[in-house]
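Residue numbers (this note's numbering): 16 to 415. Ideal placement from N, C-alpha and C gives every residue a C-beta, glycine not left out. Values in this document were obtained by computation on a predicted structure and should not be read as measured data. Inspection log for the structure reproduced underneath, given as structure tokens.
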């Protein structure tokens, strides 16, 4: 009789993910009697991040957890809570087996180590009103000029006809889906900051902020808040995540739209792929106990190297697994042919970049709203000045 080692495993508080993990953990426990997993959903609280930090501080935290975004990972790494996966045997083989080598190497590294294995990736994309574009005889916009030309033809605020939605709410996370995404698109997937300094005050950042400035000066973007502005025909284009697909299908079954990569400046090289922002979370190991680490690593290898787990994940959650080969593998074909909009997002997977790693993400993006985003939108600052101010103010936060 071998002694049993058990590990604590926490996963995201989401009913679809709960249903998924309960089956996966049961399958593992039934076939690995000496390596058991005690699974639970991350306990309720203000945020998963807060709950996990409190548990770790009191020694009641998990050995393994999902639902970790890059900024929170950076915070955990700085507090020495995470174990780097690249120190375990079979790490590189595992990345290849799951076809996630580029995804992991292009955005999840921290000072030469890899502490997070991404589970799912929600790329961000533009949705355009297909019926109106067809009526106008206009192709799907690809560049900032395309949008400004479309606005000149179509825009009419007195009739509630706007060209494009630009979110201006002061939520820190909203900047992921406009400024951060557009910087990544313009720069060929480069981060907008790292753990030492701001990187966005350059031509890539400026071209985007000049575009935003134009949209609001010309009233091509509305400044009032409309619910479902795109589906209701108030705007022609909007940045959306794949989570909007099912909602739109149910609520606006007649609405016809095209999914397209992020807009880029006019001089963006036509032969280059366009990168986008990935709303993505992953799994981390927190136990420092060698025996428990072994069990956790065995479970991770078993989970990530079997494609049937990713197929089941996709079917249960409608979220794309963090793999570069989703479109190429026949295992996903049936689901994607029944969900063609999600297949459009899958095309963006190899070029989807997670949030730039910084433990102060929330503070930085809150300050970004105040010194960069809102002043340009409301015409209080020119883009150049706003970017200079933002670089100064955000660098102060990073260096604290």
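Residue state for residue 394 is assigned as coil, using DSSP reduced to three classes. Here residue 125 has 92, 372 as same chain residues with Cβ atoms under 6 Å from its own Cβ, once five neighbours each way along the sequence are excluded. Approximately 7 Å separates the beta-carbon atoms of residue 59 and residue 28; this is inside 8 Å, confirming the contact. Contact check for residue 105 and residue 316: beta-carbon distance about 6 Å, within the 8 Å limit, so the pair qualifies. Here residue 111 is exposed. Its C-beta has fewer than 16 other C-beta atoms within 10 Å. Collapsing the DSSP output to three states places residue 188 in a helix.
Between residue 275 and residue 155, the C-beta spacing is below 8 Å. Taking each of 273, 153, 217, 133 in turn and checking the Cα distance to residue 399, the smallest one comes out for 217. With three or more CB-CB distances shorter than 8 Å, the stretch 284-293 counts as touching the stretch 192-212. Taking 8 Å as the cut-off, the beta carbon of residue 256 is found no closer than this to the beta carbon of residue 209. By the Cβ neighbour-count rule, residue 78 is buried, with 16 or more other Cβ atoms within 10 Å of its own. Boundaries for residue 289: no alpha helix (DSSP H) harbours it, and the DSSP string shows neither H nor E there.
One thing to note: residue 380 has its Cβ within 8 Å of the Cβ of residue 187. Classified as buried, residue 215 has 16 or more neighbouring CB atoms from the shown chains inside 10 Å of its CB. Taking 8 Å as the upper bound for CB-CB distance, residue 99 and residue 115 are not in contact here, some 16 Å apart. A straight-line Cα-Cα distance of about 17 Å links residue 404 and residue 415. With fewer than 16 other Cβ atoms from the protein chains shown falling within 10 Å of its own Cβ, residue 268 counts as exposed. Of all C-beta pairs linking the stretch 148-166 to the stretch 308-322, fewer than three are shorter than 8 Å, placing the two stretches out of contact. Cβ-Cβ distances below 8 Å link residue 266 to 243, 246 in the same chain, with the five nearest sequence neighbours on each side left out; the list follows chain order.
In the three-state scheme derived from DSSP, where H, G and I count as helix and E and B as strand, residue 306 is classed as helix. Bridge partners of residue 367 according to DSSP: 291. Only exposed fits residue 349, as fewer than 16 other CB atoms lie within 10 angstroms of its CB. Of the candidates 85, 153, 182, 153 places its Cα closest to the Cα of residue 169. With a minimum length of 3 residues, the unbroken runs of beta strand (DSSP E) contained wholly in the stretch 51-101 fall at 79-83. A distance below 7 Å between beta-carbons, with the five flanking residues on each side excluded, links residue 260 to the following residues of its chain, in chain order: 356, 357. Counting only runs that start and end inside the stretch 121-154, the alpha helix (DSSP H) elements of at least 4 residues fall at 145-151.
Going by DSSP, residue 197 is part of the alpha helix (DSSP H) stretching over 194-201.
Within 10 angstroms of the beta-carbon of residue 281 lie fewer than 16 other beta-carbons, which makes it exposed. Looking only at 141, 174, 175, the smallest Cα-Cα distance to residue 159 is reached by 141. Counting only the Cα atoms, residue 49 lies some 36 Å from residue 137.
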